[in-house]
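S.K.: This is the structure I have questions about; it appears just below.
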Amino acid sequence: MINFADHPSNTFDIEKIRSDFPILATEVHGQPFAFLDSAASAQKPRQVIDAISAVYDSGYANVHRGAYQLSEVVTDNYEGARDKVQEFLNAEHRGEIIFTRNATEAINLVAASYARNKLNCGDEIIITEMDHHSNIVPWQLLKAEKDLVLKVVPITDAGELRMDIFEKLLTSRTKLVSVPHISNVLGTVLPVKRIIELAHSSGAAVLVDGCQAVMHESVDVRDLDCDFYAFSGHKLYGPSGIGVLYGKKELLDAMPPYMGGGDMINTVTFEESTWAELPGKFEAGTPAIAQAIGLGAAIDYINDIGLASIAKHEHALLEYTTSRLSAIEGLKIIGTASNKVSVISMTLDCAHPHDMATILDRSGVAIRAGHHCAQPLMDRLGLPATARASFGLYNNQDDADQLCQALETVQEIFG
Amino acid sequence: MLDELRELYQEVILDHGKNPRNFRRPNKPKREAAGKNPLCGDQLVVYVDVDHNECIVDVSFLGKGCAISIASASLMTEIVKGKSIADAKALLDNFIKMCTTDDFDFKGEDGAEELERLQVLSGVRQFPVRVKCATLAWHALDAAVKGVEEISTE
Ligand SMILES: Cc1ncc(COP(=O)(O)O)c(C=O)c1O
Chain A
1 MINFADHPSN
11 TFDIEKIRSD
21 FPILATEVHG
31 QPFAFLDSAA
41 SAQKPRQVID
51 AISAVYDSGY
61 ANVHRGAYQL
71 SEVVTDNYEG
81 ARDKVQEFLN
91 AEHRGEIIFT
101 RNATEAINLV
111 AASYARNKLN
121 CGDEIIITEM
131 DHHSNIVPWQ
141 LLKAEKDLVL
151 KVVPITDAGE
161 LRMDIFEKLL
171 TSRTKLVSVP
181 HISNVLGTVL
191 PVKRIIELAH
201 SSGAAVLVDG
211 CQAVMHESVD
221 VRDLDCDFYA
231 FSGHKLYGPS
241 GIGVLYGKKE
251 LLDAMPPYMG
261 GGDMINTVTF
271 EESTWAELPG
281 KFEAGTPAIA
291 QAIGLGAAID
301 YINDIGLASI
311 AKHEHALLEY
321 TTSRLSAIEG
331 LKIIGTASNK
341 VSVISMTLDC
351 AHPHDMATIL
361 DRSGVAIRAG
371 HHCAQPLMDR
381 LGLPATARAS
391 FGLYNNQDDA
401 DQLCQALETV
411 QEIFG
Chain B
416 MLDELRELYQ
426 EVILDHGKNP
436 RNFRRPNKPK
446 REAAGKNPLC
456 GDQLVVYVDV
466 DHNECIVDVS
476 FLGKGCAISI
486 ASASLMTEIV
496 KGKSIADAKA
506 LLDNFIKMCT
516 TDDFDFKGED
526 GAEELERLQV
536 LSGVRQFPVR
546 VKCATLAWHA
556 LDAAVKGVEE
566 ISTE
């Protein structure tokens, strides 16, 4: 058994953390709520909920427009959230942080505004077998439009990237490498720093899809030297409707706008317009104001606890759960990379993942069953679906035990 | 909690889920349609042969899916074989009603006997997200008869 009391005192108080998340105190079907689907979208702490309410309670106004005090205050808070993201990712300039709706929009922005202009017929984009649809489909669309070549790096059976093959796939025609930082199905942490080094040495830019990474480990875009980094606020204990694209200033400066409208211009005449400085150039229209501020509050919350403590807690839970699950007959864990986070995909011999999810739900355990927006990965694994339990900073051993007990119920019914 | 689950996963369902009947592809399929549930990845193909009287003379299926969708497809093949297309369609409509309304009384309906057999699937009422699993094969059959190649629950 792992002893959570080992953690340095006052940095990680799981009971205190759990009490910050009002939803965790509720019951589902008369059972305690074991929420194990944070990889899909995380629950929100009181601090984030309050920050969002405060935007509307204490005075809401549009940003970047009003010549009155309230608008200035809201603008400061909105731009303050950008400063927090900048610091969170250790970006050099605040203008390198573009607010989007989500990671999907961030990736599409890079496809439409960077890749569409940089890549020509026959140029190559490299992605991986572990990618989420949102890092596959935008490149397919562009491939069809520009006659590009889309290459896919395969994985091992354990769910690790075949770096040897990646090196071979990189050619002088490779202009962009777009990879997940962490797989949403397998939990695999990819060696992104090495991927970036290799890509750069052959002249390709790199976009990292950090959707599953930012809540598990600290990310330093300058140390990674990635060209673009994308994530969604809602998986980081922040609200939905807000995402982030980090891009290197010189790249963003050279890119045309993604959308046209208010806020993104410098001057407009009917003949022509000039663009605002970064980040405004990429933020057309009224942004998700309260959501950005909510994301800022989520980052404060994470920083207060510390990503190192969070990672330690989650890792202990991963080990505990993995060893308990391994004892269940007929259960197979899908994704056994040596470097993985607390995302556990599994199958049971006796029951389909969808049936597992229904029975688990009645036992108060929320997991996700299906292809997890990664159909090509499911095909590679030869599985129609998996059941995925993902653990966030608020999960504890009780959640893991409730999961294992519910899996026993599945076996009782299907056994 | 267990009661409701046992109601959903009755013996008949578990049996048909594990050992589906008419689980085959005919040598020369006459009409076929794929049924897909993109949400959970369930995929099946229903094959149907209809004679000149618009009567279903053979029906079978293949595919992958959860216990509910496979059991429902299996039961469907047993039940609609020998029925006219119109009767099968009427059964589909009543079956959907049974899966979605709480006090649907099918006793006076056409096909009451068949509906009684299908009642084992009506436990999905308590599990709204699973209604699509129960009706997937039926929608695929409907599509195959109409000559539509693929249907999706989304
Ligand atoms: C690895 C990965 N990439 C991209 C996404 C898409 O995120 P969103 O739907 O918030 O844009 C997700 C979320 O499901 C993900 O896990």
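Sequence lines, in order, name chains A and B.
Residue numbers for the first sequence follow my numbering, beginning at 1 and rising by one.
Residue numbers for the second sequence follow my numbering, beginning at 416 and rising by one.
Ideal placement from N, C-alpha and C gives every residue a C-beta, glycine not left out.
No experiment lies behind these values; they were computed from the predicted model shown.
Flag A/A369 as yes if its beta-carbon sits less than 8 Å from any beta-carbon of chain B, otherwise no.
M.R.: Within the first sequence, numbered from 1, the residue matching residue 369 of chain A stands at position 369. It does; some Cβ of chain B falls within 8 Å.
S.K.: Ignore the nearest five residues each way along the sequence and tell me which others in B/A449's own chain have a CB closer than 6 Å to its CB.
M.R.: As a first step, residue 449 of chain B must be located in the second sequence, where it is residue number 34. So the qualifying residues of the chain are V460, E565.
S.K.: When the Cβ atoms of the stretch 55-66 of chain A are set against those of the stretch 236-255 of chain A, are three or more pairs found closer than 8 Å?
M.R.: As far as the Cβ criterion goes, the stretch 55-66 of chain A does not touch the stretch 236-255 of chain A, which means the pair count is below three.
S.K.: Here's the rule: buried if 16 or more other CB atoms are within 10 angstroms of the residue's CB, otherwise exposed. What is A/S201?
M.R.: Against the first sequence, residue 201 of chain A aligns to sequence position 201. The residue in question, A/S201, is exposed, as its Cβ has fewer than 16 Cβ neighbours within 10 Å.
S.K.: Among residues of its own chain, excluding the 5 on either side of A/G122, which ones have a beta-carbon nearer than 8 Å to its beta-carbon?
M.R.: Mapped onto the first sequence, residue 122 of chain A falls at position 122. Here the set comprises D147, L148, V149, R173.
S.K.: Which residue or residues does DSSP assign as beta-bridge partners of A/P32?
M.R.: The residue you call residue 32 of chain A lines up with position 32 of the first sequence. Paired residues: A/E27.
S.K.: Check each residue of the stretch 361-392 of chain A: if its Cβ is closer than 8 Å to any Cβ of chain B, include it; give the result in chain order.
M.R.: So the close ones are R362, S363, A369, G370, H371, Q375, M378, P384, A385.
S.K.: What first and last residue would you give for the alpha helix (DSSP H) that runs through A/D398?
M.R.: In the first sequence, counting from the first residue as 1, residue 398 of chain A sits at position 398. Start and end: 397-414.
S.K.: Considering only residues of the same chain and omitting the five flanking positions on each side of A/N77, which have a CB-CB separation below 6 Å?
M.R.: Looking up residue 77 of chain A in the first sequence gives position 77. Within the same chain, A/N77 has close Cβ partners I293.
S.K.: Please state whether DSSP places A/K312 in a helix, a strand or coil.
M.R.: The residue you call residue 312 of chain A lines up with position 312 of the first sequence. Correct three-state label for A/K312: helix.
S.K.: Classify A/Y237: buried if its beta carbon has 16 or more other beta carbons within 10 angstroms, exposed otherwise.
M.R.: Here residue 237 of chain A refers to the residue found at position 237 when the first sequence is read from its first residue. Its Cβ being crowded by 16 or more others within 10 Å, A/Y237 is buried.
S.K.: To be precise: take each residue of the stretch 525-558 of chain B, compare its Cβ to all Cβ atoms of chain A, and keep it if any distance is under 9 Å. Which residues remain?
M.R.: The residues in question are F542, V544, R545, C548.
S.K.: By alpha-carbon positions, which one of A/E124, A/V152, A/R194, A/V110 ends up nearest to A/P138?
M.R.: Within the first sequence, the letter at position 138 stands for residue 138 of chain A. Measuring from the Cα of A/P138, the nearest candidate turns out to be A/V110.
S.K.: Indicate whether at least one CB of chain B lies closer than 8 Å to the CB of A/H29.
M.R.: Start at 1 with the first residue of the first sequence, and residue 29 of chain A comes out as number 29. Yes, A/H29 counts as interfacial toward chain B.
S.K.: Closer than 6 Å by C-beta to B/E493: which residues in its own chain qualify, once you throw out the five before and the five after it? Chain order, please.
M.R.: As a first step, residue 493 of chain B is located in the second sequence; it is residue number 78 there, counting from the start. Excluding positions up to five away in sequence, the list reads R436.
S.K.: How about A/H354: is its C-beta nearer than 8 Å to some C-beta of chain B?
M.R.: Residue mapping note: residue 354 of chain A aligns to position 354 of the first sequence, counting from 1. With 8 Å as the cut-off, A/H354 counts as an interface residue toward chain B.
S.K.: Which residues in the same chain as A/A144 place their Cβ atom closer than 6 Å to its Cβ, once the five residues preceding and following it in sequence are excluded?
M.R.: What you label residue 144 of chain A is simply residue 144 of the first sequence in a count that begins at 1. Closer than 6 Å at Cβ, skipping near neighbours: no residue.
S.K.: Taking the continuous alpha helix (DSSP H) assigned at B/A503, which residues delimit it?
M.R.: Taking the second sequence and counting its residues from 1, the one referred to as residue 503 of chain B is at position 88. First-last of the alpha helix (DSSP H) with B/A503: 500-515.
S.K.: Is it true that the stretch 220-233 of chain A meets the stretch 189-197 of chain A, where meeting means three or more beta-carbon pairs spaced less than 8 Å apart?
M.R.: The stretch 220-233 of chain A, when compared against the stretch 189-197 of chain A, does touch it at the 8 Å Cβ threshold.
S.K.: How should B/Y424 be labelled, buried or exposed, when 16 other C-beta atoms within 10 angstroms of its C-beta is the threshold for buried?
M.R.: Along the second sequence, read from residue 1 onward, the residue named residue 424 of chain B stands at position 9. Result: buried.
S.K.: For A/D20, does the count of other Cβ atoms within 10 angstroms reach 16, so buried, or fall short, so exposed?
M.R.: Numbered from 1 along the first sequence, position 20 holds the residue referred to as residue 20 of chain A. Buried is the call here.
S.K.: Measuring CA to CA, which of A/E79, A/K118, A/V214, A/N184 is closest to A/H133?
M.R.: In the first sequence, the residue the question calls residue 133 of chain A occupies position 133. Per the Cα distances, A/N184.
S.K.: Can you tell me whether A/L407 is buried or exposed, with buried defined as 16 or more other CB within 10 angstroms of its CB?
M.R.: Taking the first residue of the first sequence as position 1, residue 407 of chain A is located at position 407. A/L407 is buried by the Cβ-count criterion.
S.K.: Taking Cβ-Cβ distances shorter than 8 Å, what residues in chain B pair up with A/I302?
M.R.: Position 302 of the first sequence, counted from the start, is the residue given in the question as residue 302 of chain A. What A/I302 touches in chain B: nothing, since even the nearest Cβ is about 31 Å away.
S.K.: Can you tell me whether A/A5 is helix, strand or coil according to DSSP?
M.R.: In the first sequence, residue 5 of chain A corresponds to position 5, counting from 1. Note that A/A5 scores 44 on pLDDT, short of 50, meaning its location in the model is unreliable and no value can be drawn from it.
S.K.: For B/V474, tell me which candidate among B/C514, B/R440, B/V546, B/A527 has the shortest Cα-Cα distance.
M.R.: Walking along the second sequence from the start, residue 474 of chain B turns up at place 59. Of the candidates B/C514, B/R440, B/V546, B/A527, the one whose C-alpha sits nearest the C-alpha of B/V474 is B/R440.
S.K.: Is the separation between the beta-carbon of A/G335 and that of A/T188 shorter than 8 Å?
M.R.: One-based indexing of the first sequence puts residue 335 of chain A at position 335. One-based indexing of the first sequence puts residue 188 of chain A at position 188. Yes. Within cutoff.
S.K.: Are the CB atoms of A/Q86 and A/I98 within a distance shorter than 8 Å?
M.R.: Taking the first sequence and counting its residues from 1, the one referred to as residue 98 of chain A is at position 98. Taking the first sequence and counting its residues from 1, the one referred to as residue 86 of chain A is at position 86. No. Outside cutoff.
S.K.: Quick check: A/A42 and A/L403, are their CB atoms within less than 8 Å of each other?
M.R.: Here the question's residue 42 of chain A lines up with position 42 in the first sequence. Here the question's residue 403 of chain A lines up with position 403 in the first sequence. Against a cut-off of 8 Å, the Cβ pair of A/L403 and A/A42 comes out as no contact.
S.K.: Please return the same chain residues whose Cβ sits closer than 8 Å to the Cβ of A/T171, not counting the five positions on each side in sequence.
M.R.: Looking up residue 171 of chain A in the first sequence gives position 171. Result list for A/T171: E124, S202, in chain order.
S.K.: Return the CA-CA distance between A/P154 and A/V179, expressed in angstroms with no decimal places.
M.R.: Locating residue 154 of chain A in the first sequence gives position 154, counting from the first residue. Locating residue 179 of chain A in the first sequence gives position 179, counting from the first residue. If I take the Cα positions, the gap works out to 12 Å.
S.K.: Please confirm if A/F432 has its CB atom under 8 Å from at least one CB of chain B.
M.R.: With chain A covering only 1 through 415, there is no way to say anything about residue 432 of chain A.
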